[in-house]
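Residue numbers (the UniProt record's numbering): 1 to 362.
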């Protein structure tokens with residue numbers, strides 16, 4: 001099988017700075033696609049991989065929020081062909097697991113990935129982040145991970161749908177079932193939280209309350225559709241949300257931080273029979289304690305949103321159409337364009353809260 005040598009961003013050890021090194025990418029075999037990456041966002045999940053917070057299967061080929069053009073396909077591939085502009089999805093429903101067979105492919109428990117391994121130059125196999133690995137010029141994925149969308153979309157904006165933007169939008173629209181006239185609170189206004197705000201606005205929410213500890217992020221939130229903002233270092237978040245909703249709390253509270261303190265805020269900030277959606281990714285060591293009578297007495301739903309409960313083949317093209325119609329400002333999520341050698345610096349900018357998304361442009 002022919003092999004392609006390209007440059008890729010690799011994390012070799014827990015906490016160590018990432019490196020730009022030669023990697024080997026095989027041509028696609030059955031059911032696979034080789035994609036030439038045009039742009040890839042720097043997501044907090046990539047930093048989780050570098051820090052060993054996902055698993056310890058080093059070395060990792062980082063990057064997963066990507067858009068590009070199909071270069072080659074293997075045998076028995078019918079959903080895409082060379083030249084197609086695609087967004088890469090880390091969920092590609094298998095069609096055969098118990099969730100898919102129940103008609104819930106957005107919860108697929110056996111999502112498809114490429115069977116061949118990308119490797120370092122010495123042949124050591126790489127673990128691609130979220131089954132993608134797109135901080136490189138070419139990446140190998142299962143063909144069903146490549147979702148064809150309108151090629152007139154900007155690759156920088158389109159790639160962000162592949163993870164963070166879809167997670168936030170889906171947390172509101174799919175998991176939270178935000179509807180016309182609803183009130184929503186979003187706690188944590190980074191990329192995912194602001195996408196949840198944008199999704200709530202698209203879904204017709206009447207009141208959208210953004211909560212954060214950073215006034216700069218709250219200003220971003222207003223741009224995405226927040227009707228009210230709360231700096232929780234200056235006022236109690238739950239009291240403020242209740243005051244803005246007639247003392248009742250919101251219909252849907254979306255926690256986009258992944259922290260016990262902010263989850264408890266979301267829990268108490270919702271109205272009776274309201275919904276809490278956890279989309280922030282917590283540290284595995286974190287725990288939460290709630291009075292069981294409050295869980296019972298408040299009713300409603302406590303949900304976790306996996307990838308915005310999305311179905312990529314349904315949702316990616318729809319969101320790109322909304323973007324091209326001017327109804328979803330994906331460009332506003334792009335804080336800066338960077339080169340493939342600038343990922344480590346982008347992690348530092350992310351940790352300082354200076355950006356929504358740095359995007360690697362190939």
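Ideal placement from N, C-alpha and C gives every residue a C-beta, glycine not left out.
Subject >> Option in 307, 31, 352, 348 with minimal Cα separation from residue 366 >> reply: Shown here, the chain extends from 1 to 362; a query on residue 366 therefore has no answer.
Original post:
Leaving out five residues before and five after residue 266 in sequence, what residues of the same chain have Cβ atoms less than 6 Å from its Cβ?
Top reply: Translated into the one-based positions of the chain shown, residue 266 becomes position 266. Here the set comprises 187, 253, 255, 276.
Subject >> Check whether residue 229 and residue 213 have beta carbons under 9 Å apart >> reply: Taking the first residue of the chain shown as position 1, residue 229 is located at position 229. Taking the first residue of the chain shown as position 1, residue 213 is located at position 213. Against a cut-off of 9 Å, the Cβ pair of residue 213 and residue 229 comes out as no contact.
**OP:** Buried or exposed for residue 243, please, with buried defined as at least 16 other CB atoms from any protein chain shown within 10 angstroms of its CB.
**Re:** The sequence position of residue 243 within the chain shown is 243, counting from 1. Residue 243 comes out exposed.
Subject >> Exposure label - residue 286; buried when at least 16 CB within 10 Å >> reply: Residue numbering aside, residue 286 sits at position 286 when the chain shown is read from its first letter. Residue environment for residue 286: exposed (fewer than 16 other C-beta atoms within 10 angstroms of its C-beta).
**OP:** Throw me the rounded Cβ distance for the residue 89 and residue 147 pair, which I believe falls under 8 Å.
**Re:** Along the chain shown, one-based indexing puts residue 89 at 89. Along the chain shown, one-based indexing puts residue 147 at 147. So it is a contact: roughly 5 Å between Cβ atoms.
Original post:
What's the call for residue 71, buried or exposed, on a 16-neighbour Cβ count within 10 Å?
Top reply: In the chain shown, counting from the first residue as 1, residue 71 sits at position 71. Buried: at least 16 other Cβ atoms inside 10 Å.
Subject >> Run of the alpha helix (DSSP H) containing residue 72, from where it starts to where it stops >> reply: Locating residue 72 in the chain shown gives position 72, where the first residue counts as 1. Unbroken run through residue 72 is the beta strand (DSSP E), 65-73; no alpha helix (DSSP H).
Original post:
Under 9 Å between the Cβ atoms of residue 358 and residue 337?
Top reply: Start at 1 with the first residue of the chain shown, and residue 358 comes out as number 358. Start at 1 with the first residue of the chain shown, and residue 337 comes out as number 337. Residue 337 is positioned such that its CB atom lies closer than 9 Å to that of residue 358.
Original post:
Rounded to a whole number of angstroms, what is the C-alpha to C-alpha distance between residue 103 and residue 126?
Top reply: Your numbering for residue 103 matches position 103 in the chain shown. Your numbering for residue 126 matches position 126 in the chain shown. Here the C-alpha atom of residue 103 lies approximately 33 Å from the C-alpha atom of residue 126.
**OP:** Could you pull out every residue in the same chain whose Cβ sits closer than 7 Å to the Cβ of residue 223, ignoring the five residues on either side in sequence?
**Re:** On the chain shown, position 223 is the one that residue 223 refers to. Take residue 223, set aside five residues on each side of it, and the residues of its chain with a beta-carbon closer than 7 Å to its own are 332, in chain order.
Subject >> Short CB-CB distance (under 9 Å) between residue 334 and chain C >> reply: As a matter of chain content, chain C is missing from the structure shown, which is built from one protein chain.
**OP:** Provide the residue span of the alpha helix (DSSP H) that contains residue 349, from first to last.
**Re:** Position 349 of the chain shown, counted from the start, is the residue given in the question as residue 349. Residue range 343-351 is occupied by the alpha helix (DSSP H) that includes residue 349.
**OP:** For the alpha helix (DSSP H) containing residue 145, list its first residue and its last residue.
**Re:** The residue given as residue 145 occupies position 145 in the chain shown. Where residue 145 is concerned, there is no enclosing alpha helix (DSSP H), given that its DSSP letter is neither H nor E.
Original post:
What three-state label does DSSP hand residue 279 in the structure shown?
Top reply: Within the chain shown, the letter at position 279 stands for residue 279. Residue 279: coil per DSSP, three-state reduction.
Subject >> Completely contained beta strand (DSSP E) runs for the segment 24-90, where each covers 3 or more residues >> reply: Runs of the beta strand (DSSP E) inside the segment 24-90: 32-41, 65-73, 85-88.
Subject >> Endpoints, beta strand (DSSP E) assigned at residue 187 >> reply: In the chain shown, counting from the first residue as 1, residue 187 sits at position 187. Counting along the chain, the beta strand (DSSP E) containing residue 187 begins and ends at 183-187.
Original post:
Expressed to the nearest angstrom, what Euclidean distance is found between the alpha-carbon atoms of residue 351 and residue 76?
Top reply: The sequence position of residue 351 within the chain shown is 351, counting from 1. The sequence position of residue 76 within the chain shown is 76, counting from 1. Between residue 351 and residue 76, the C-alpha separation is close to 43 Å.
Original post:
Looking only at C-alpha atoms, which of 27, 34, 49 sits nearest to residue 17?
Top reply: Sequence index remark: in the chain shown, residue 17 carries index 17 (1-based). Of 27, 34, 49, the residue nearest in Cα terms is 49.
Original post:
In terms of alpha-carbon separation, which member of 274, 67, 29, 280 lies closest to residue 263?
Top reply: What you label residue 263 is simply residue 263 of the chain shown in a count that begins at 1. Comparing Cα positions, the closest option is 280.
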